[in-house]
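Protein chains in written order, with the working numbering: chain X, 1 to 119; chain A, 1001 to 1119. Don't be surprised by glycine CBs; every beta carbon is placed ideally from N, CA and C. Predicted model, so just to flag it, every value in this text is computed and none were measured.
Number of protein chains: 2
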Amino acid sequence: MNQDQLSLTFAALGDPTRRAILVRLSKGEASVSELAKPFMSEMSAPAITKHLKVLEKAGLITKGREAQWRPCKLNGEPLKEMSDWLEHYRQYWEESFDRLDEYLKTMTKKKGKKNVRKK
Amino acid sequence: MNQDQLSLTFAALGDPTRRAILVRLSKGEASVSELAKPFMSEMSAPAITKHLKVLEKAGLITKGREAQWRPCKLNGEPLKEMSDWLEHYRQYWEESFDRLDEYLKTMTKKKGKKNVRKK
DNA sequence: TTTATATTTAACCTATTAGTTAATTAACCG
DNA sequence: CGGTTAATTAACTAATAGGTTAAATATAAA
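Here it is as structure tokens:
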């Protein structure tokens, strides 16, 4: 697997079950079986254990010990890293997009697609 | 594969090569071979074609046609969707985190871990 | 000590990912 | 036309993801 932090985090969130688990944890700590409950009909307990392991490796959750339970809790730091990475691209879904697009059009017209061709 | 938009987008960014391609595209359109150049020593052209296909399916890029070139350009909308999803969790990497943490501690002390156990 | 609950591990299966090389398609250029 | 460049497709491979069932482990409770 891609071992860099950002890759682990993005990949972990690339699964709807794991995102749902995070949503649940954002409402408070929960044991593994509590987290598994909404998915009982769709998958087994070991499947949930594996999903939690992925989230743990990405640093998105931590697991404690309470008797036979393993209370999980959300850790937001990796989410912040993602958010910071995305921030770079904010312009691409906001107003300044139009300006950039205009600039590129000018470039391509000017000297035979200078920025598209190379060699 | 997980076909929902958000999963496709997160999964697409879970690879450092694809993130690097997006970074490059944020500086302007580029043909496939221009995008491939920084990775020539690490992987072949078809590998890049495949990465671009993943980005395309996630809606993160669009490919045009200019003679034999296929100028790629960044599309930020899916990034916005991700950013919006992450926004839910902003509190978990900011000040209010402490307040919530405190609240959970109180709950667990109060009545024998009422919020951790169930059954 | 036995039993029940919570969770994990082991072993296995199948589909997908991420890469490869070789061949193909498409468009330009002399 | 014949050659060159750009990009894709095909066919293949190895590793990983995501699931399964059955067995093991840990703790509590009767």
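Check	Outcome
As assigned by DSSP and simplified to three states, the class of Lys1063(A)	strand
Endpoints, the alpha helix (DSSP H) within which Lys53(X) is located	45-57
Ser7(X) beta carbon less than 9 Å from that of Arg1019(A)	yes
Nearest candidate by alpha-carbon position, reference Ala1036(A), set Trp1069(A), His1088(A), Pro1078(A)	Trp1069(A)
Chain-ordered chain X contacts of Ala1011(A) [CB-CB under 9 Å]	Phe10, Ala11, Leu13, Gly14, Asp15
Secondary structure of Lys1027(A), DSSP reduced to three states	coil
Partner residues on chain X for Ser1041(A), Cβ-Cβ distance less than 8 Å	None at all; the shortest Cβ gap to chain X is about 18 Å.
When Leu1086(A), Asn1075(A), Glu1056(A), Glu1077(A) are compared against Leu79(X), the one with the closest alpha-carbon	Leu1086(A)
Nearest-angstrom Cα separation, counted from Ile1061(A) out to Trp93(X)	13 Å
Chain A within 9 Å of Lys111(X), Cβ atoms only	Here Lys111(X) scores only 39 on pLDDT, less than 50, and its place in the model is too uncertain to base an answer on.
Chain X within 9 Å of Val1023(A), Cβ atoms only	yes
is_contact[Lys80(X), chain A] using C-beta, thresh 9 Å	yes
Selection of the region 54-65 of chain X by Cβ proximity to chain A, strictly under 8 Å	none
Leu6(X) - DSSP class collapsed to helix/strand/coil	helix
Residues, ordered as in the chain, of the region 1084-1095 of chain A that lie near chain X by beta-carbon distance below 9 Å	Trp1085, Leu1086, Glu1087, His1088, Tyr1089, Arg1090, Gln1091, Tyr1092, Trp1093, Glu1094
Straight-line Cα distance separating Ala30(X) from Val1116(A)	Bear in mind that the predicted position of Val1116(A) carries a pLDDT of just 33, short of 50, making it unreliable; the figure below should be weighed with that in mind. Straight-line Cα distance between these residues: approximately 6 Å.
CB contact check: Leu1122(A) to chain X, cutoff 9 Å	Outside the displayed span of chain A (1001 to 1119) sits residue 1122(A), for which this structure offers no information.
Paired residues, beta bridge with Lys1073(A) - DSSP	Thr1062(A)
Candidates Glu56(X), Gly76(X), Pro71(X), Asn75(X): closest to Glu34(X) by CA position	Pro71(X)
Inter-residue spacing [alpha-carbon to alpha-carbon] between Glu77(X) and Ser1044(A)	35 Å
Beta carbon proximity, Ser44(X) to chain A, threshold 9 Å	no
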